[in-house]
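Chemist:
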Amino acid sequence: MAARYAAWFDAKSRHMTTASADEWRSRLHARGLEVTRATYYLTAASHRVFDLLHYLSLPNLAAHALTGRWVVPPLGWPGRLPARWVSRLVADEPSGGEGPYVMLEAERR
31 MAARYAAWFD AKSRHMTTAS ADEWRSRLHA RGLEVTRATY YLTAASHRVF
81 DLLHYLSLPN LAAHALTGRW VVPPLGWPGR LPARWVSRLV ADEPSGGEGP
131 YVMLEAERR
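Those letters in the sequence shown? Residues 31 to 139, per the working numbering, in order.
1. Which residue's Cα is closest to the Cα of Leu82: Ala92, Asp52, Phe39, Arg139?
2. Residues in its own chain within less than 6 Å of Leu134 by CB, not counting five upstream and five downstream?
3. Just checking my contact of Glu137 with Tyr70 at CB under 8 Å: how many whole Å lie between their CB atoms?
4. Our contact map puts Pro130 next to Ala92 with C-beta atoms below 8 Å; I'd like the distance itself, whole angstroms only.
5. Sort out for me which residues DSSP pairs Met133 with in a bridge.
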């Protein structure tokens, strides 16, 4: 089930790859690039919340199945409350220098 969920999520998120930072370092090194900085973002706890929030979109999934269009109702002021909460989760920095997402900066050697 986990592999099916990962494949579904990768397709929906349009992920090109979910390779680890070490895999990317190796790939970049093979092409003459050296990673100069790795910045991890989103804490593991925030990522779990992010995954759970997908289930709140089930009404939109049902609307898409029925109409062929993604229907997102305007939220107005109620939408601002979750937005503030989610923005705090995204702003959290992972401790220990690792997290579920990483941005790598590299330079040509």
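All C-beta atoms in this analysis are idealised placements derived from N, C-alpha and C, irrespective of residue type, glycine included.
Modeler: Once the coordinates are examined:
1. Here residue 82 is taken as the residue at index 52 of the sequence shown, counted from 1. Comparing Cα positions, the closest option is Phe39.
2. For the purposes of this step, residue 134 is taken as the residue at position 104 of the sequence shown. Non-local beta-carbon contacts of Leu134 in its own chain, meaning distances under 6 Å to residues more than five positions away in sequence, involve Trp54, Val65, Ala68 in chain order.
3. Taking the first residue of the sequence shown as position 1, residue 137 is located at position 107. Taking the first residue of the sequence shown as position 1, residue 70 is located at position 40. Not confirmed; about 19 Å, so no contact.
4. Counting from one through the sequence shown, the residue named residue 130 turns up at place 100. Counting from one through the sequence shown, the residue named residue 92 turns up at place 62. Contact check for Pro130 and Ala92: beta-carbon distance about 28 Å, past the 8 Å limit, so the pair fails to qualify.
5. Within the sequence shown, the letter at position 103 stands for residue 133. Paired residues: Thr69.
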